[in-house]
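Only one structure is covered here, and it is reproduced in the block below.
Protein chains: 2
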Amino acid sequence: MYRQVQRVRHDDGMTPPKYRQVADALRREIDSGKYPPGSRLPSESELSGRFDASRNTVRSGLGVLVSEGLITSSQGLGYEVRSHEVFELNASKFENLNFPQNGDAYNTDVTNAGRRPHQTFRVEMLPAPKDVSERLRIEAGTKSVLRFCHRYVDDVPWSTQATYYPGWLVEEAPRLAEPGDIAEGTTRYLADHGITQVGYFDELSARMPTPDEARLLEVGAGVPMLLWMRTGYSESKPIRCTITTFRGDLNRMNYEIGDLSARGESL
Amino acid sequence: MYRQVQRVRHDDGMTPPKYRQVADALRREIDSGKYPPGSRLPSESELSGRFDASRNTVRSGLGVLVSEGLITSSQGLGYEVRSHEVFELNASKFENLNFPQNGDAYNTDVTNAGRRPHQTFRVEMLPAPKDVSERLRIEAGTKSVLRFCHRYVDDVPWSTQATYYPGWLVEEAPRLAEPGDIAEGTTRYLADHGITQVGYFDELSARMPTPDEARLLEVGAGVPMLLWMRTGYSESKPIRCTITTFRGDLNRMNYEIGDLSARGESL
DNA sequence: GAGGGCCACATGTACCGACAAGTTCAGCGA
DNA sequence: TCGCTGAACTTGTCGGTACATGTGGCCCTC
């Protein structure tokens, strides 16, 4: 039987719990530059001594910073301060006949940024998920073509992109369902078969990764995903739905709307 | 001195740690509908019995689900499955002279959705933060006007919106720096003073909330923020920079690009 | 010099115990 | 009836211990 010293003050200026004090102190030191991005924090046992707290308590504090996305931990190595180099994507420029959104566009973008692109690719036929079938305006469960892309930058998993085409479209453009790249780009290929994309509807949201996504993109706790759903329309109906998942902290999506001649070339 | 039974298998088909098994099992049950949104999970001690694990281990498992944004916990009550009613924002329609992005637009939108809007408002003059001054193309630290809005939906904190105007703009449109609403909307007010916004540049990203944001928006762990930066331009230069932070899981931002006549009124 | 084994140290998992503090409700008393 | 108190739940915090497991470097051997 033992007695622990717990918090005593119950007034308004409540002392935060110890694990939070640890988190706050370390967060301040990280923000102040004492621990710059890429550097390593002291070990749990060192911090335990410094804060006069048990290793469990220190771990809770570090856990807060991990779930804030400030640091990562790796077994055997320690805690490292994360760096945040963001990658810019210009969404409103992505797709047109001259600059289709295709593997090539991605390759070009990444290469221009001085990084090394790499992607894996897969084609499947399967019933469309509910949210996709609603957007493609087809019956739930109707067959659709999924063209799936898993993209890397400098061998770091970067994004997954799943494009669904409604089943009826395959009748008119059979190569959609065939494995392998479409060299001229799907947008161009469809246009050549009389299906021209004239507009699209984008939806953006954020959420924490599902276990699947965490595995595919090798993200740990504290890294939110940026979700981008693009539904493309011909003059008469929806013809595709693309769902892209990014690491939200490493990507920024841009839209240019209206007259931006004043923006010039800078930035 | 005691001995614990720990995992033994070291082969490829590695058994996941127990806390993860707990998380996976509960996640499946939530997905399956056994615990629908709004319902409560069994208590830690019940789960402890069911999974033959200590309360700490069960807590770790639940912590995984919390940081995935699937559940929330409240002291004295238990764990509740979160619901995800998303709120739609049409970004590409937001701003023009007839439908300015103003408190009114927000009020209208929320009321139309059958919810109750409420907002607090504040005006300040202060040096522009670095990221803002870059976008407004003014010297870092130059004075700027901040018009800050904290918005609620049904008394739930929903978003914060900070709009910065460059200091030089105040000379031509002094009411910007005065506290209180500008009834006709700032866009209209600026247009009446010869400053017309002809285009804007949007940047979207996601990250975990800072402690400040967590406080203002009352979000717990596992809820990512959706960040929206909009820089508005006149014909010759940037005239404003709006930074909006949303709960990423409860909001969806939409963009309409090109000809969407096929989309019709539905959805 | 190259390779392997081993040790030191990092975090990861799992258990135990105790007490603090928020919520609900039955039950008691004015 | 109303209001308060306390019991019985809940989760939150903090401490301890033991052992598993990943990493890197030292050192010995071949």
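Those protein sequence lines, which keep their order, are chains A and B. Residue numbering for the first sequence follows the UniProt record's numbering, beginning at 1 and increasing consecutively. Residue numbering for the second sequence follows the UniProt record's numbering, beginning at 1 and increasing consecutively. Don't be surprised by glycine CBs; every beta carbon is placed ideally from N, CA and C.
Pairwise C-alpha distance: residue j and residue i
i, j, result
"B:Leu204", "B:Leu227", "6 Å"
"B:Ser83", "B:Glu44", "21 Å"
"B:Val86", "B:Arg252", "6 Å"
"B:His118", "B:Asn107", "8 Å"
"B:Pro127", "B:Gly232", "19 Å"
"B:Thr160", "A:Val170", "45 Å"
"B:Arg137", "B:Gly63", "44 Å"
"B:Pro184", "B:Ile239", "One detail in the question is off: residue 184 of chain B reads as Glu in this sequence, not Pro. Each residue's Cα considered, the two are about 18 Å apart."
"B:Cys149", "A:Thr245", "30 Å"
"B:Pro174", "A:Asp155", "52 Å"
"B:Gly38", "B:Glu80", "6 Å"
"B:Asn254", "B:Lys130", "28 Å"
"A:Phe201", "B:Gln21", "39 Å"
"A:Pro16", "B:Ile71", "24 Å"
"B:Arg188", "B:Arg135", "22 Å"
"B:Lys237", "B:His193", "15 Å"
"A:Glu256", "B:Ala262", "23 Å"
"B:Arg59", "A:Ala23", "20 Å"
"B:Leu216", "B:Met125", "21 Å"
"A:Ile243", "A:Lys18", "42 Å"
"A:Asp109", "A:Arg151", "12 Å"
"A:Thr120", "A:Pro157", "11 Å"
"A:Gly33", "A:Leu65", "15 Å"
"A:Ser74", "A:Arg116", "25 Å"
"B:Gly76", "A:Asn56", "23 Å"
"A:Thr111", "A:Tyr35", "31 Å"
Simplified DSSP state of residue i, which is helix, strand or coil
i, result
"A:Gln161", "strand"
"A:Ala206", "strand"
"B:Ala64", "At residue 64 of chain B the sequence reads Val, which differs from the Ala that was named. Reduced to three states, the DSSP call for B:Val64 is helix."
"B:Leu97", "Only weak support exists for where B:Leu97 lies, its pLDDT of 45 falling under 50; the value from the coordinates is given anyway. In the structure shown, B:Leu97 sits in coil (DSSP, three-state: anything other than H, G, I, E or B)."
"B:Ser32", "helix"
"A:Val219", "coil"
"B:Leu41", "coil"
"B:Ser133", "helix"
"B:Gln21", "helix"
"B:Val81", "strand"
"residue 279 of chain A", "No statement about residue 279 of chain A is possible, as the shown extent of chain A runs from 1 to 267 and does not include it."
"B:Cys241", "strand"
"A:Ser73", "strand"
"A:Val198", "coil"
"B:Gly185", "coil"
"A:Glu235", "coil"
"B:Leu89", "strand"
"B:Gly258", "strand"
"B:Pro224", "coil"
"A:Leu126", "strand"
"B:Arg230", "strand"
"B:Leu146", "strand"
"B:Thr120", "strand"
Contact belief for residue i with residue j at Cβ below 8 Å, rounded distance in angstroms
i, j, result
"A:Gly61", "A:Leu26", "7 Å"
"B:Gly69", "B:Asp249", "6 Å"
"A:Gly167", "A:Thr142", "6 Å"
"A:Ala206", "B:Ala206", "4 Å"
Residues of its chain near residue i, where Cβ-Cβ distance is below 7 Å and the 5 sequence neighbours each way are ignored
i, result
"A:Asn98", "With a pLDDT of only 46 at A:Asn98, under 50, the local geometry of the prediction cannot be trusted, and no value is derived from it."
"B:Ala140", "Lys130, Ser133"
"A:Val219", "Pro209, Arg247"
Chain-order list of residues whose beta-carbon lies under 6 Å from that of residue i (same chain, five-residue window excluded)
i, result
"B:Val123", "Arg147, Pro179"
"B:Ser67", "Ala221, Gly222"
"A:Leu190", "Ala173"
"A:Glu235", "Val198"
"B:Cys241", "Val132, Arg135, Leu136, Tyr164, Thr231"
"B:Asn90", "Asn254"
"A:Asp259", "none"
"B:Ser92", "Tyr255, Glu256"
Nonlocal neighbours in the same chain, by C-beta distance under 8 Å from residue i, ignoring five residues either side
i, result
"A:Ser54", "Ser48"
"A:Asp52", "none"
Within 7 Å of chain A by C-beta, residues of the segment 184-216 of chain B in sequence order: Of all residues in the segment 184-216 of chain B, Val198, Gly199, Tyr200, Phe201, Asp202, Glu203, Leu204, Ser205, Ala206, Arg207, Met208 have a Cβ within less than 7 Å of some Cβ in chain A.
For the segment 252-263 of chain A, enumerate the residues whose C-beta is nearer than 9 Å to any C-beta of chain B, in chain order. Residues passing the 9 Å Cβ filter: Arg252, Met253, Asn254, Tyr255, Glu256, Ile257, Gly258, Asp259, Leu260, Ser261, Ala262, Arg263.
At a CB distance below 7 Å, what residues from the UniProt domain "HTH gntR-type" (16-84) of chain B approach chain A? Give them in sequence order. Going along the UniProt domain "HTH gntR-type" (16-84) of chain B in chain order, one finds Ser67, Glu68, Gly69 with a Cβ nearer than 7 Å to chain A.
Would you list, in chain order, the members of the segment 154-175 of chain B that have their beta-carbon closer than 9 Å to a beta-carbon of chain A? Within the segment 154-175 of chain B, no residue has a Cβ that lies closer than 9 Å to any Cβ of chain A.
Anything in the segment 111-126 of chain A with a Cβ closer than 8 Å to a Cβ of chain B? List those residues in chain order, please. Here the close residues number zero.
Closer than 9 Å, Cβ to Cβ, to anything on chain A: give me those residues from the segment 136-152 of chain B, in chain order. Within the segment 136-152 of chain B, the qualifying residues are Arg137.
Closer than 8 Å, Cβ to Cβ, to anything on chain A: give me those residues from the segment 232-252 of chain B, in chain order. Of all residues in the segment 232-252 of chain B, Tyr233, Ser234, Glu235, Ser236, Lys237, Pro238, Gly248, Asp249, Asn251, Arg252 have a Cβ within less than 8 Å of some Cβ in chain A.
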